Amino acid sequence: MHVMNFDSNDRQVNLLLRWFFWGVAPLVLVSCNSEDPSSDVTLFTYNASDGIRSLDPGKATDLESMWVVDQLYEGLLELDAELQVQPALAESWSVSDDGLIYAFRLRSNARFHNGKRVTAADVAASFDRLRDAREALPGRWVLGDLKDDGIQTIRDDSLQLHLSRPQPVFPGLLATPQASVVFQGGRVGEPDTDDLGSGPFMLQGWIPETAMVLHRHPQYWMRDST
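When the letters of the sequence shown are read in order and numbered with the numbering used here, they come out as residues 4 to 229.
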């Protein structure tokens with residue numbers, strides 16, 4: 004791991020991409036120390052043991068891809084260091100006594116990388132895409148217990164998920180990378196797609212099998228943690 008400070012932002016990133024093209028294949032996380040784009044940036048360089056195969060959450064089955072998806076995207080829930088389920092895009096959630104209905108309230112300050120607010124409609128579109136048989140996404144199994152008509156948007160900031168049977172581990176499944184929320188209507192997982200996620204880092208550049216550069220998401224709801 005190398006932590007480096009630079010005076011310029013985009014210029015250094017472009018240089019890094021050129022250098023990495025000639026034989027080094029790292030993932031670089033760029034974190035600005037202030038809101039001033041001309042301020043110093045901190046670089047964390049991570050050398051992947053294998054190539055990143057996809058940035059599509061529904062197609063992320065290998066560890067390298069899932070790790071990157073976790074930086075770019077976020078789900079309703081997440082796991083902490085003790086593998087306990089915690090709120091993520093959903094600031095709160097509840098489950099009915101029979102274990103069949105999960106209700107979620109979204110954070111009002113959760114934003115996609117394009118600046119748009121994360122809404123219940125985005126969650127519904129993401130889950131509909133994930134379980135669409137025509138998409139044939141490997142990650143669709145995480146929503147296997149969701150009813151065919153089991154997604155109900157209540158308001159922009161709230162929704163309910165209706166299960167066909169009680170599933171105690173359902174919150175944990177929603178914390179997997181495959182259940183990440185994606186901005187509806189975008190082209191998911193392509194090298195030039197940089198604004199569909201709401202995770203702590205944004206895609207700045209990607210040369211498949213060579214290098215990837217991620218920038219800190221300035222509107223991330225838990226910004227101080229990045």
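Here a beta-carbon is modelled for each residue, glycine too, at the ideal position from N, C-alpha and C. Quick caveat: nothing in here was measured; it's all calculated off a predicted structure.
Quiz item: Would Leu133 pass as a contact of Val121 if the rule is Cβ separation under 8 Å?
Solution: Within the sequence shown, the letter at position 130 stands for residue 133. Within the sequence shown, the letter at position 118 stands for residue 121. No, the pair does not count as a contact, with Cβ atoms beyond the cut-off.
Quiz item: Skipping 5 residues on each side, what residues in its chain have a beta carbon closer than 8 Å to that of Ala139?
Solution: The sequence position of residue 139 within the sequence shown is 136, counting from 1. Nothing listed; no residue qualifies.
Quiz prompt | Burial state of Asp59 (16 or more Cβ within 10 Å) | solution = Position 56 of the sequence shown, counted from the first residue, corresponds to residue 59. It is buried - the Cβ of Asp59 has at least 16 other Cβ atoms within 10 Å.
Quiz item: Which one of Tyr105, Ile104 and Lys119 has the shortest CA to CA distance from Ser111?
Solution: Within the sequence shown, numbered from 1, the residue matching residue 111 stands at position 108. Of the candidates Tyr105, Ile104 and Lys119, the one whose C-alpha sits nearest the C-alpha of Ser111 is Lys119.
Quiz item: Is Ser167 buried or exposed, if buried means 16 or more other CB atoms sit within 10 Å of its CB?
Solution: Stepping through the sequence shown from its first residue, residue 167 is reached at position 164. By the neighbour-count rule (16 or more Cβ atoms within 10 Å), Ser167 is not buried but exposed.
Self-check item: Segment contact flag, the stretch 64–81 with the stretch 90–100, C-beta cutoff 8 Å, min 3 pairs
Solution: yes
Quiz item: Should Asp151 go down as buried or exposed, given a rule of 16 or more other Cβ atoms within 10 Å for buried?
Solution: Along the sequence shown, one-based indexing puts residue 151 at 148. Flag for Asp151 reads exposed.
Quiz item: Would you call the CB atoms of Leu300 and Gly200 closer than 8 Å?
Solution: Since the first and last residues shown for the chain are 4 and 229, residue 300 lies out of range.
Quiz prompt | Nearest residue (CA-CA) to Phe186, options Ala128, Gly54, Gly61 and Glu67 | solution = Within the sequence shown, residue 186 is the residue found at index 183, counting from 1. Here the closest residue by C-alpha is Ala128.
Self-check item: Per DSSP, the bridge partner or partners of His165
Solution: For the purposes of this step, residue 165 is taken as the residue at position 162 of the sequence shown. His165 is bridged to Ile104.
Practice problem: Please check the pair Val88 and Ala178, which I expect to be a contact at CB under 8 Å, by giving their CB distance rounded to whole angstroms. | Solution: Here residue 88 refers to the residue found at position 85 of the sequence shown. Here residue 178 refers to the residue found at position 175 of the sequence shown. That pair is a contact at about 6 Å.
Quiz item: Is DSSP giving Glu67 helix, strand or coil here?
Solution: On the sequence shown, position 64 is the one that residue 67 refers to. DSSP places Glu67 in helix when its eight states are reduced to three.
Quiz prompt | Which of helix, strand or coil DSSP assigns to Gln187 | solution = Within the sequence shown, residue 187 is the residue found at index 184, counting from 1. DSSP places Gln187 in coil when its eight states are reduced to three.
Self-check item: Element boundaries [beta strand (DSSP E), containing Ala214]
Solution: Mapped onto the sequence shown, residue 214 falls at position 211. Note, Ala214: beta strand (DSSP E), Ala214 to Arg219.
Self-check item: Stretch-stretch touch, CB-based, cutoff 8 Å, three pairs: the stretch 151–164 with the stretch 210–222
Solution: no
Quiz item: Start and end of the alpha helix (DSSP H) containing Asp131?
Solution: One-based indexing of the sequence shown puts residue 131 at position 128. Segment Ala123 to Leu133, the alpha helix (DSSP H) holding Asp131.
Exercise. Would you check if the distance between the CB atom of Val72 and the CB atom of Ala84 is smaller than 8 Å?
Key: For the purposes of this step, residue 72 is identified with residue 69 of the sequence shown, where counting begins at 1. For the purposes of this step, residue 84 is identified with residue 81 of the sequence shown, where counting begins at 1. Not closer than 8 Å, so no.
Exercise. Would you give the residue range spanned by the alpha helix (DSSP H) that Phe204 belongs to?
Key: For the purposes of this step, residue 204 is taken as residue 201 along the sequence shown, with counting starting at 1. Unbroken run through Phe204 is the beta strand (DSSP E), Phe204 to Ile210; no alpha helix (DSSP H).
Quiz prompt | Length of the line joining the Cα atoms of Val191 and Pro180 | solution = By 1-based counting over the sequence shown, the position of residue 191 is 188. By 1-based counting over the sequence shown, the position of residue 180 is 177. Answer to the nearest angstrom: the Cα atoms are 14 Å apart.
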